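One structure is given below, encoded as structure tokens.
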Amino acid sequence: IIQTGRYDDSGCEEHNDDDDGDHDDDDDNDDIDDDDDDGDDDDNDDIDDDDDDGDDDDNDDDDADDNDDDDDDDSNLQTFPSYADTEADVCPDDIMRKDTTYIKVYKDKCYKFFIDSGSAKQYWEAQEECEKSKGNLAMPKTKILNQFLVDSLLAYGYQYEVFIGLDDMKKEKTFKWADGSELMVPGFYENFDEGTGIFRTGASRASKDCITLNPVKNKWRDIDCRRNLVELMFGFKKRRHFICEYKVDQGNRSPFSNIFKTKEKGDPFSDFFQDFVLWSALTYVVLEAMNNML
Numbered sequence: 001i002i003q004t005g006r007y008d009d010s011g012c013e014e015h016n017d018d019d020d021g022d023h024d025d026d027d028d029n030d031d032i033d034d035d036d037d038d039g040d041d042d043d044n045d046d047i048d049d050d051d052d053d054g055d056d057d058d059n060d061d062d063d064a065d066d067n068d069d070d071d072d073d074d075s076n077l078q079t080f081p082s083y084a085d086t087e088a089d090v091c092p093d094d095i096m097r098k099d100t101t102y103i104k105v106y107k108d109k110c111y112k113f114f115i116d117s118g119s120a121k122q123y124w125e126a127q128e129e130c131e132k133s134k135g136n137l138a139m140p141k142t143k144i145l146n147q148f149l150v151d152s153l154l155a156y157g158y159q160y161e162v163f164i165g166l167d168d169m170k171k172e173k174t175f176k177w178a179d180g181s182e183l184m185v186p187g188f189y190e191n192f193d194e195g196t197g198i199f200r201t202g203a204s205r206a207s208k209d210c211i212t213l214n215p216v217k218n219k220w221r222d223i224d225c226r227r228n229l230v231e232l233m234f235g236f237k238k239r240r241h242f243i244c245e246y247k248v249d250q251g252n253r254s255p256f257s258n259i260f261k262t263k264e265k266g267d268p269f270s271d272f273f274q275d276f277v278l279w280s281a282l283t284y285v286v287l288e289a290m291n292n293m294l
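To convert, note that position 142 of the sequence shown is 142 in the UniProt record's numbering; the numbers rise steadily by one, no gaps.
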């Protein structure tokens, strides 16, 4: 069963990322300050045991306040449902016949994470791989979807850049998604790192056409992905791992997929309607079975 996931708006901790796309690990360690360790035992010896009852009362008040704060925090969290019972309900058959280790379903989309060894491709090769199963490179057009992709990559233990379906190959600084829609429409979402993408200036921007997502920094950046003479002569290829996005395969879905989907929070009419449909369907099945037995 695909469970509801909760996502907040906070990004991941930022780290330095080399502009050439290499995967460098940071080796700097934080210094630990131990200067305050001395004298702690002496301070503890001065505690007055006569105030235990008062301390307990204070702790009870603090616990109540903490519980109120937790309730407020929970009310600010939004629940996002998955619209499928299993990956098999929405993912293309040929995808499910292969390794399903890196497959996730979010709402009405199936996502395949090509992050295993040997799966890195050039940008256009990655798009062609997605198109084999009638998909595109992943298109995080909203902040919550972008966070879902970041969380998924980090959950898999993957910390490097991946291609997403966004580029400005046809016209400089006119970024388009893999489905042909433009990025810069009213109310659009973008997550470019400082000085990259739509914020890049200077002559270097002409060669920076393809967008990657860095899960550690939770940022996008544009990289050079065009085929050139050096690549043709020496076989150098700008490969990255990538994520494919597939639409719901309605033909694969069971008749009760919509009935058993996770319900939207705070919609009592929707809850009642789904329960009514569920019980009606179950009643019909039971009556038909009894009728066949007679």
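From the three backbone atoms N, C-alpha and C, an ideal C-beta is built for every residue, glycine too. All values derive from a computational prediction rather than experimental measurement.
Check, Outcome
"Proximity to GLU161 [Cα-Cα], best of PRO140, PHE188, LYS141, ILE115", "ILE115"
"Top-ranked residue by Cα proximity to TYR158, from LYS208, THR174, LEU213, ASP224", "LEU213"
"Proximity winner among SER117, GLY180, ASP275, relative to PHE242 (alpha-carbon distances)", "SER117"
"For TYR156, the nearest candidate out of ASP108, PRO215, LYS143 (CA to CA)", "PRO215"
"ASN136 and ASP179 closer than 8 Å at C-beta", "yes"
"The segment 178-198 contacting the segment 137-146, beta-carbon criterion three pairs below 8 Å", "yes"
"Rounded C-alpha distance that separates ILE103 from VAL150", "14 Å"
"Contact check, ASP222 vs THR196, beta carbons under 8 Å", "yes"
"Environment of GLU172 [buried if 16+ CB atoms lie within 10 Å]", "exposed"
"ASP193, buried or exposed, once every other Cβ within 10 Å from all chains shown has been counted against 16", "buried"
"Short Cβ contact (8 Å threshold) for GLU245 with TYR123", "no"
"Per DSSP, cross-strand counterpart(s) of THR212", "PHE163, ARG221"
"Spatially closest choice to SER207 from SER181, GLU182, LYS238, ARG97, by CA coordinates", "LYS238"
"Opening and closing residue of the beta strand (DSSP E) in which VAL150 lies", "No beta strand (DSSP E) holds VAL150; the alpha helix (DSSP H) holding it covers 143-155."
"Residue(s) in a DSSP beta bridge with GLU182", "LYS176"
"Where GLU93 falls, given that 16 or more other Cβ within 10 Å makes a residue buried", "Here residue 93 is Asp; the residue named in the question, Glu, does not match the sequence. Looking at its Cβ environment, which holds fewer than 16 other Cβ atoms inside 10 Å, ASP93 is exposed."
"Inter-residue spacing [alpha-carbon to alpha-carbon] between SER152 and ILE95", "18 Å"
"Extent of the continuous alpha helix (DSSP H) to which ILE198 belongs", "No alpha helix (DSSP H) holds ILE198; DSSP gives it neither H nor E."
"Buried or exposed (CB count within 10 angstroms, at least 16 for buried), ARG240", "buried"
"Whole-angstrom distance between VAL277 and PHE163, CA atom to CA atom", "42 Å"
"Cross-strand partners of residue 295 (DSSP beta bridge)", "It is not possible to answer for residue 295, since the shown part of the chain is limited to 1 through 294."
"Cα-Cα separation between VAL185 and ASN218, rounded to whole angstroms", "22 Å"
"Own chain residues within Cβ distance below 6 Å of VAL248, not counting five before or after", "VAL90, ASP108"
"Residue range of the unbroken alpha helix (DSSP H) whose run includes CYS130", "123-131"
"DSSP state of PHE188 mapped onto helix, strand, coil", "coil"
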